[in-house]
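Shown next, in structure tokens, is the structure this report addresses.
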Amino acid sequence: MISKAEVRPGDGWRYYFCSVMVADGQRPARRALRAAQDEAGVPPGSWKGRGLATAGLKAGDVVTERQAELLLGEGRHPDADRIEREGLVAGDDPATARRATVLGRPIEHNRSPRTDKAKERKPWLAMDLTFRPPATAHVAFALVDDKTRQVLELCHGIARDKTLAWVEESVAEIRWGSGGKHRAPVKDGLVVAVFRHYESRAGQPLLHDHAVVSIRAQRPDGTWGNWSADSMLAHIVAADTLYTLSFMEEVSARLGWAWEPREVTPGRRPAMEIAGVDQRLIDWQSTRRQQIADALPVLVADYEKKHGHPPGQRAAYALDCQAADRTRPPKRTVARSLTELRDGWERSAIAAFGADVVSRLAERARAAAAAVWARVRPVVDIALAAVDVVAVVYVMCGAFKRHHLLAEARRHLAYTLRGRPHQPGLDDQIVQAAVDDYTRPVGRGLMMTADLRALYPRDIEDQAVVRPLTRSRSASRYERARLASSALTVRVHAARRADRLGSRTRPHPVAVPATPRPQRRLARTDRKASRGPGQMTDVTTVEQSSQMLQAAVARLQDGVRERALTHSPRPQPAPAATPSPHARPPGTQHTPGRTIGGVE
Numbered sequence: 037m038i039s040k041a042e043v044r045p046g047d048g049w050r051y052y053f054c055s056v057m058v059a060d061g062q063r064p065a066r067r068a069l070r071a072a073q074d075e076a077g078v079p080p081g082s083w084k085g086r087g088l089a090t091a092g093l094k095a096g097d098v099v100t101e102r103q104a105e106l107l108l109g110e111g112r113h114p115d116a117d118r119i120e121r122e123g124l125v126a127g128d129d130p131a132t133a134r135r136a137t138v139l140g141r142p143i144e145h146n147r148s149p150r151t152d153k154a155k156e157r158k159p160w161l162a163m164d165l166t167f168r169p170p171a172t173a174h175v176a177f178a179l180v181d182d183k184t185r186q187v188l189e190l191c192h193g194i195a196r197d198k199t200l201a202w203v204e205e206s207v208a209e210i211r212w213g214s215g216g217k218h219r220a221p222v223k224d225g226l227v228v229a230v231f232r233h234y235e236s237r238a239g240q241p242l243l244h245d246h247a248v249v250s251i252r253a254q255r256p257d258g259t260w261g262n263w264s265a266d267s268m269l270a271h272i273v274a275a276d277t278l279y280t281l282s283f284m285e286e287v288s289a290r291l292g293w294a295w296e297p298r299e300v301t302p303g304r305r306p307a308m309e310i311a312g313v314d315q316r317l318i319d320w321q322s323t324r325r326q327q328i329a330d331a332l333p334v335l336v337a338d339y340e341k342k343h344g345h346p347p348g349q350r351a352a353y354a355l356d357c358q359a360a361d362r363t364r365p366p367k368r369t370v371a372r373s374l375t376e377l378r379d380g381w382e383r384s385a386i387a388a389f390g391a392d393v394v395s396r397l398a399e400r401a402r403a404a405a406a407a408v409w410a411r412v413r414p415v416v417d418i419a420l421a422a423v424d425v426v427a428v429v430y431v432m433c434g435a436f437k438r439h440h441l442l443a444e445a446r447r448h449l450a451y452t453l454r455g456r457p458h459q460p461g462l463d464d465q466i467v468q469a470a471v472d473d474y475t476r477p478v479g480r481g482l483m484m485t486a487d488l489r490a491l492y493p494r495d496i497e498d499q500a501v502v503r504p505l506t507r508s509r510s511a512s513r514y515e516r517a518r519l520a521s522s523a524l525t526v527r528v529h530a531a532r533r534a535d536r537l538g539s540r541t542r543p544h545p546v547a548v549p550a551t552p553r554p555q556r557r558l559a560r561t562d563r564k565a566s567r568g569p570g571q572m573t574d575v576t577t578v579e580q581s582s583q584m585l586q587a588a589v590a591r592l593q594d595g596v597r598e599r600a601l602t603h604s605p606r607p608q609p610a611p612a613a614t615p616s617p618h619a620r621p622p623g624t625q626h627t628p629g630r631t632i633g634g635v636e
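Here it is, written out as structure tokens:
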């Protein structure tokens, strides 16, 4: 997943400079950055991004203390000292020489009393995007052999770089003019400083990267300004799902592991985790989650007492963050290398669960992957995916934008493929199909909502079908979203089945009563698989049903001809006859379970 935080001048920047860049520890006073990173057991920061050349940097170069201070702490050129010195030698006054090193508007402007807007007094200088793989990846990173651990780090780095490249190409916008009314794609890309960490504050394994993105970028005319923070914030979730999807594919391709959904919080969206990893190991790694869960009931009770009702979605998220802050442990003071950390994690896991659980982790993951891939078909049906995406996003958001659909399309691919690779651009194809076929504009701007008449072109009045899309308070919003998606998926399957049967020539439509058949109650896993995308009607079943239909039609036609020969052409009341067990009385209404002009 990806979380974000803003980096501002002053105390905000000093926190990153003295803590984040040295593995979230406590950097001693007057200790050089590189020496502090060596003591903390983390690699030095490195520069990333397509915009490095504009700032005189190269990809992969080590982030020095002075470069970070100038660019990320003051908004100046990373080589500002040389530029300023050359200006003074050329005869410029100190103010002019310093101004030549500033990229965009100097932060001194924001400290001026003439600045009326409070947000301009402490402007952003960078955005910290923290990349974290799923929980089971942290477990594997801590307990597998060193070679597999390096592969996991490689997969993490590749997924991070893919996500940053997508942000540069498709999200980042530069703005200028009054109120930022002029916008354009960033000319040459972004400048990013990446710092890798291995553990959490609680001392548990937590492989994650801090990608500190400088807010300075070039406009189309070559001048410097700030990229649009609101555009970046709006696409954080879409970037998060892209990172997770890319990481899953890299791990599956390089290690042969598969992924499966696991419910973390009842009623909320499940998380994709490595199949075969013992749940006890996940709980062992996620001690912070349990600490937050223990502190949350007290906060919820205080909220209900104050407001008189349970917290909604936003209030619940705020309380969750508050519980995390209250239970946050202090920063560690003793630095340990990665080797020492891994040895300690292995001893802790063996003492708690035994050596067999730890030593066979990778083996069980490969065995579970074979079972997952044998059970789950990697078929992406774009039409069904579009219906699923629109249904979920509509129930979750009501009105939405394209990036909401894009995030859900990537979740759909992660759930459907379970780590198998997908064709480039498939997520955009799903979104485009959803926008073209199942949405309509609402209000002004780029907002849209679900077009229910496109989703239900013939049975919009059938409230039993539309009900899953209502906002009942009896279930969580995500549960209602999945219910709506399942209802629509079943409807698409039924329409396809009807079209397939309707394409076969028949003498005329007749009513063929359906014989009740006992139906097996699906298990929980079977129900999930039955509504998965890519499910198609069995061809053999359709052929057998068609043959039965034609035989029934032939028998009915023979009976009609025989009765026509025995009766007078004058209209007479039909003689009473013993009703056939398969005949429907006149005037009988169509009921569920019976099909007119086809088979069930």
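Heads up, this note's numbering is the position in the sequence shown plus 36, with the first residue counted as 1. Note that the Cβ used here is the ideal one computed from N, Cα and C, for glycine as well.
Residue i and residue j closer than 8 angstroms at C-beta
i: Val423; j: Val528; result: yes
i: Ala275; j: Trp202; result: yes
i: Leu108; j: Leu161; result: yes
i: Leu179; j: Ala385; result: yes
i: Ala220; j: Arg255; result: yes
i: Gly312; j: Ala404; result: yes
i: Val222; j: Val248; result: no
i: Ala359; j: Leu335; result: yes
i: His448; j: Val425; result: yes
i: Gly455; j: Trp295; result: yes
i: Pro297; j: Met284; result: no
i: Asp224; j: Ala89; result: yes
i: Leu441; j: Ala470; result: yes
i: Leu226; j: Glu235; result: no
i: Pro57; j: Gly77; result: Looking at the sequence shown, residue 57 is not Pro but Met. No, the Cβ-Cβ distance between Met57 and Gly77 is not below 8 angstroms.
Residue i - partner residues in DSSP beta bridges
i: Ala360; result: Partner(s): none; Ala360 has no beta bridge.
i: Glu209; result: Pro221
i: Gln315; result: Answer is none; Gln315 lacks a bridge partner.
i: Met484; result: Phe436 and Pro477
i: Glu15; result: Outside the shown range of the chain (37 to 636) lies residue 15, about which nothing can therefore be said.
i: Ile310; result: Trp295
i: Ala352; result: BP columns for Ala352 are empty, so no partner.
Where residue i sits in the DSSP three-state scheme
i: Pro545; result: Any reading at Pro545 must be qualified, since the residue scores a pLDDT of 34, below 50, and its modelled position is unreliable; no value is offered.
i: Pro297; result: strand
i: Lys84; result: strand
i: Trp260; result: strand
i: Ala95; result: coil
i: Thr280; result: helix
i: Thr252; result: According to the sequence displayed, residue 252 carries Arg and not Thr. Of the three classes helix, strand and coil, the one that applies to Arg252 here is strand, per DSSP.
i: Ser512; result: coil
i: Tyr451; result: helix
i: Met268; result: helix
i: His345; result: coil
i: Ser39; result: strand
i: Val230; result: strand
i: His529; result: helix
i: Ser566; result: With a pLDDT of only 39 at Ser566, under 50, the local geometry of the prediction cannot be trusted, and the value read off the model is given with reservation. Helix at Ser566.
i: His246; result: strand
i: Val78; result: coil
i: Phe322; result: Checking the displayed sequence, the identity of residue 322 turns out to be Ser instead of Phe. It is coil, neither helix nor strand.
i: Asp464; result: helix
i: Ala610; result: In this prediction, Ala610 scores a pLDDT of 45, lower than 50, which makes its location untrustworthy; the coordinate-derived value is nonetheless stated afterwards. Ala610 falls in the coil class under three-state DSSP.
Inter-residue Cα distance where the pair is residue i and residue j
i: Ile328; j: Lys40; result: 20 angstroms
i: Trp381; j: Val98; result: 29 angstroms
i: Ser288; j: Pro170; result: 14 angstroms
i: Arg44; j: Thr199; result: 24 angstroms
i: Trp49; j: Thr475; result: 44 angstroms
i: Gly111; j: Asn262; result: 10 angstroms
i: His113; j: Ile418; result: 47 angstroms
i: Met37; j: His246; result: 12 angstroms
i: Gly239; j: Val431; result: 39 angstroms
i: Ala71; j: Trp320; result: 32 angstroms
i: Leu397; j: Ala116; result: 51 angstroms
i: Thr485; j: Arg400; result: 44 angstroms
i: Ala331; j: Asp361; result: 10 angstroms
i: Leu537; j: Leu491; result: 21 angstroms
i: Ser264; j: Ile210; result: 6 angstroms
Discussion item. Report the start-end ranges of each beta strand (DSSP E) in the stretch 367 to 415 that is 3 residues or longer and not cut off at the edges.
Written reply: none
Worksheet item: Hey, which unbroken runs of the beta strand (DSSP E) at 3 residues or more fall wholly within the stretch 41 to 72?
Response: none
Worksheet item: Hey, which unbroken runs of the beta strand (DSSP E) at 3 residues or more fall wholly within the stretch 103 to 184?
Response: 162 to 167
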